[in-house]
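So for the sequence shown, our numbering puts the first residue at 39; every next one is plus one.
From the three backbone atoms N, C-alpha and C, an ideal C-beta is built for every residue, glycine too.
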Amino acid sequence: MELKICHLYPDVLNLYGDTGNVICMKNRLQWRGIDVSVANAPIGETPSFSEFDVFFLGGGQDFEQEVLLDDLHMGKDKNLISAIEDGKTFLAICGGYQMLGNYYQNAAGHRCEFLGAIDFYTRSAEKRMIGNYLFRCVPSCGGSEVVGFENHSGKTYLSSGVQPLGEVLCGFGNNAEDRTEGVHYKNVFGTYSHGPVLPKNPELCDFILQTALERKYGKCELPPLDDRAEQAAHTVAIGITTKGKIKRHNARSCQKP
Ligand code: GLN
39 MELKICHLYP DVLNLYGDTG NVICMKNRLQ WRGIDVSVAN APIGETPSFS EFDVFFLGGG
99 QDFEQEVLLD DLHMGKDKNL ISAIEDGKTF LAICGGYQML GNYYQNAAGH RCEFLGAIDF
159 YTRSAEKRMI GNYLFRCVPS CGGSEVVGFE NHSGKTYLSS GVQPLGEVLC GFGNNAEDRT
219 EGVHYKNVFG TYSHGPVLPK NPELCDFILQ TALERKYGKC ELPPLDDRAE QAAHTVAIGI
279 TTKGKIKRHN ARSCQKP
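So, in structure tokens, the structure goes:
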């Protein structure tokens, strides 16, 4: 078996080590003897998207999101929308996640018309939402607890019927109002979680990889890995996030938005 990963805009969308998510996916496939290749798609390059199984988009500052707009609308947008509708697997982080929606009105008041692949919008807030946070994925995304780091001014509002990736247990999430975090649409997983998010959340990583493998090869089971180090990092990060005050099983908002 083999998965081909396309890293979109690694030149402009790569905040807080988000590229570590590509390394994590690659390693967790190779550790299981599954072949994997990674190709970059920076500004000015449009590979043949149909050959890829997984697409990754990292986070970016407001001006970086504007820098890539022209390139996005010169053809990549149509290719990406058809890849999404074709059930290809996407992981999109923060600015990369915002890009999949209708628009982002940034802190300068500029409205970036994005892909419109998923029905949601983002508007910049007065106060940035920054900190460690914790959310629980919805059952259809595996139901695992995910711990991460968020830093965004954008507040994302999902249209009715659009499913979040998870429910915020502690922190801000999409907009610090409706306790939603991220988005799940077809095989697209969007989250505000930087870090990179996957290494210390191995269940989420494997769920995403399994999604891509099953689309390509049909039902399959990923053999377990020795995740003691990853689970230790996950537990420490949860302790830091909830400051040890809240038991994991009933973690609630531990940072007043
Ligand atoms: N520039 C966007 C915002 O501030 C995304 C930030 C990010 O990717 N961390 O909301």
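Check your understanding: What residues match up with N189 in a beta bridge as DSSP calls it?
Key -> I168
Point to revise | the stretch 109-125 in contact with the stretch 202-214 per 3-pair CB rule at 8 Å | key: Touching, no, given that fewer than three Cβ pairs across the two stretches are closer than 8 Å.
Check your understanding: So is the beta-carbon of G133 under 7 Å away from any non-hydrogen atom of the ligand GLN?
Key -> yes
Review point. Would you say N59 reaches chain D, if we count a Cβ-Cβ gap shorter than 8 Å as a contact?
Key: Note that chain D does not occur in the displayed structure, where there is just one protein chain.
Point to revise | C243 in three-state terms, based on DSSP | key: helix
Practice item. Give the straight-line distance between the Cα atoms of E123 and K224, rounded to the nearest whole angstrom. Key: Our two residues, E123 and K224, have alpha carbons roughly 7 Å apart in a direct line.
Exercise for review: Could you tell me the distance, in whole angstroms, from the CA atom of L153 to the CA atom of G139?
Suggested key: If you take the alpha carbons of L153 and G139, they lie about 6 Å apart.
Check your understanding: Going by the CB atoms, is the gap between E188 and Y230 shorter than 8 Å?
Key -> yes
**Study point:** Secondary structure of I278, DSSP reduced to three states
**Key:** Helix at I278.
Point to revise | DSSP state of S75 mapped onto helix, strand, coil | key: strand
**Study point:** Which of helix, strand or coil DSSP assigns to I43
**Key:** strand
Practice item. Name the residue from K64, R70 and G133 whose alpha carbon lies nearest to the alpha carbon of L51. Key: Ranked by Cα distance from L51, the options K64, R70 and G133 are led by G133.
Check your understanding: Thinking C-beta only, is P234 closer than 8 Å to G58?
Key -> Against a cut-off of 8 Å, the Cβ pair of P234 and G58 comes out as a contact.
Review point. In chain order, what residues of the same chain have a beta carbon less than 6 Å from the beta carbon of A275, not counting five sequence neighbours either side?
Key: Cβ neighbours of A275 beyond the five flanking positions: V185 and K238.
Check your understanding: How long is the line joining the alpha carbons of M63 and S75, rounded to whole angstroms?
Key -> 11 Å
**Study point:** Those residues which DSSP pairs with Y230 across a bridge
**Key:** Answer is none; Y230 lacks a bridge partner.
Review point. How do the stretch 254-272 and the stretch 189-201 stand: do at least 3 beta-carbon pairs fall below 8 Å, yes or no?
Key: In short, these stretches do not touch, since the Cβ pair count stays below three.
Check your understanding: What residue does the beta strand (DSSP E) around E205 start on, and which one ends it?
Key -> G204 to C208
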